[in-house]
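The numbering of the sequence shown is full-length UniProt numbering, which starts it at 1 and goes up by one.
A virtual CB, placed ideally from N, CA and C, is assigned to each residue, including glycine.
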Amino acid sequence: MAERKTYDALALLSGGLDSILAMRTVMDQGLKVLGLHFVTPFFGKEPEFDRWRELYGVEVTAVDIRQKYVDMLLDPSQGYGKWLNPCIDCKITMLSHAVGLLPEYGAKFLISGEVVGQRPMSQREDTLNLITKRAVVRDLLLRPLCAKLQPVTPMEESGLVDRDRLHDWSGRGRKPQMALAEHYGFTEVPTPAGGCCLTEAQGAARFVKLLTHRPVPTPNDFSLARSGRQLWAGAHWLTFGRTAADNDRIAACAEPGDYVLKLVDFPGPLAVARPVDGDWSPEAVMDAAGLIASYSGKARKHFESTGVTVKVAVRRGDAVETVEVVPSRDTALPWAEPKPAIVSEWKKARAAADA
């Protein structure tokens, strides 16, 4: 078995500009740095790895923390941001996990790309100190982009890292970042780190709706809730694709206890109906099948021109049943998408229960 490659430092690499610049700043000192890209149900860009290597000259590996992240999300010690984003606990979780990987790679310290004052919740001076303390990384974490505004680290004291070649950036401006990106000759400048659907109104609504019916969801539940189109009718949860890529993602989330619906003779969305409060009745399955069929233009035209129902295959585990339905959005069950207003209502109810 090949010996694992060793590095001087491990960096939290989101793929945003700051995390890349933090890595490159330390690499400029001749140190070997590996980027850790954390993957959860809410963010993760593994398909971008080859592009990042080519465009930005960084090494990167994926780190799966799905279950650990979900456990944290259900009860974050520092609470949520505007929507369902636990930004402070998120960074604590990643740093705490990264510490455990240091021996595996022979690395001596960690790197992250924060800039003091850049983000109102997670990058205030007091918050950065809190993150460092809670993650127990005070002597292990270097923030190269604002290091000169921070206390001297053991890495600098020992001479492993030259403090004079680090930065003193602060605030929300992006001019220093853009200038350094130009210095490195980046032909594509990545946006600030983003892509976490917990910070988005609609994403948060989807997840809160799930939490109201399944208080302790699995990582796969959250992955399904993030996919395609989401409709609920009471405790009936239905996910179906808008595109072929959606269909693939939804199919990958399917579990043996799910009802998987697919039109037999026409192209259309693949759907997963996941029970959260007991098995579905045959009537509920038929209602969902008719709704799914209505999103196939060819199935609708077939029924409108011939009056003949369309077939939908319903698979559950190894059993497959074919039902015949009218493609229609005039359904018996009150299917609806989750609305962002439920997020604040859920937070208030949670706070009242904890009081």
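Endpoints, alpha helix (DSSP H) assigned at residue i
| i | result |
| --- | --- |
| G297 | 297-306 |
| Y80 | Note, Y80: premise wrong, no alpha helix (DSSP H); not H, not E. |
| residue 358 | Because residue 358 is not part of the residues shown, which for the chain are 1 to 355, the question remains open. |
| F207 | 201-213 |
| C90 | 87-105 |
| S223 | 219-226 |
| R249 | 244-253 |
| I131 | 125-134 |
| K347 | 341-354 |
| H183 | 175-184 |
| K148 | K148 -> no alpha helix (DSSP H), and no H or E assigned at all. |
| P327 | Looking at the DSSP string, P327 is not in any alpha helix (DSSP H), and its letter there is neither H nor E. |
| L74 | 66-74 |
| T153 | First-last for T153: undefined, no H or E at that position. |
| R24 | 17-27 |
Cβ shell of residue i (< 6 Å), same chain only, five flanking positions each side left out
| i | result |
| --- | --- |
| R249 | S227 |
| V264 | K311, A313 |
| F42 | C196, C197, L198 |
| K262 | L270, A313 |
| A147 | L166 |
Beta-carbon separation (whole angstroms), residue i vs residue j, contact threshold 8 Å
| i | j | result |
| --- | --- | --- |
| L130 | L110 | Not really, about 16 Å apart at Cβ, beyond 8 Å. |
| E324 | K339 | Between K339 and E324 the Cβ distance is about 33 Å, and since that is not below 8 Å, they are no contact. |
| P144 | A235 | P144 to A235, Cβ: 49 Å. No contact. |
| A245 | L333 | With a Cβ gap of about 27 Å, A245 and L333 do not count as contacting. |
| D50 | Q177 | Wrong, their Cβ atoms sit about 23 Å apart, outside the cutoff. |
| D28 | K108 | 17 Å between Cβ atoms; not a contact. |
| H97 | I65 | 6 Å |
| S223 | C253 | 5 Å |
| S170 | L141 | With 8 Å as the limit, S170 and L141 do not qualify as a contact, their Cβ atoms being about 17 Å apart. |
Per DSSP, cross-strand counterpart(s) of residue i
| i | result |
| --- | --- |
| L35 | Per the sequence presented here, residue 35 reads as Gly, with Leu not at that position. Paired residues: A11, V60. |
| V314 | L261, E321 |
| I111 | A11, L142 |
| R274 | W237 |
| A336 | W232 |
| V116 | S170 |
Cut-off 8 Å between Cβ atoms - residues of its own chain near residue i, not counting five sequence neighbours on either side
| i | result |
| --- | --- |
| R53 | E59, V60 |
| P267 | S296, K298 |
| V308 | H302 |
| residue 356 | The question about residue 356 has no answer, for the chain in this structure spans 1 to 355. |
Same chain only: Cβ atoms within 7 Å of residue i, ignoring 5 sequence neighbours per side
| i | result |
| --- | --- |
| Q230 | R206, T239, E337, P338 |
| L74 | V216 |
Residue i to residue j span [Cα, whole Å]
| i | j | result |
| --- | --- | --- |
| Y259 | T331 | 18 Å |
| A284 | A271 | 14 Å |
| F91 | W280 | This sequence places Lys at residue 91; Phe is not what is there. So the two alpha carbons sit approximately 40 Å from each other. |
| S112 | T40 | 18 Å |
| I88 | V116 | 14 Å |
| G185 | L55 | 9 Å |
| G44 | V189 | 19 Å |
| A11 | R350 | 35 Å |
| residue 357 | P76 | Given a span of 1 to 355 for the chain in the structure shown, any question on residue 357 remains unanswerable. |
| A241 | D221 | In the sequence as displayed, the identity of residue 241 is Gly instead of Ala. Distance between the alpha carbons of G241 and D221 is about 16 Å. |
| M155 | R163 | 9 Å |
| T322 | R24 | 57 Å |
| R316 | A353 | 37 Å |
| A289 | V320 | 14 Å |
| A225 | L210 | 7 Å |
| W83 | V208 | 10 Å |
| Y80 | P86 | 4 Å |
Contact test: residue i Cβ vs the ligand NAP heavy atom, cutoff 8 Å
| i | result |
| --- | --- |
| A201 | As far as ligands go, the structure on display features none, and thus does not contain the ligand NAP. |
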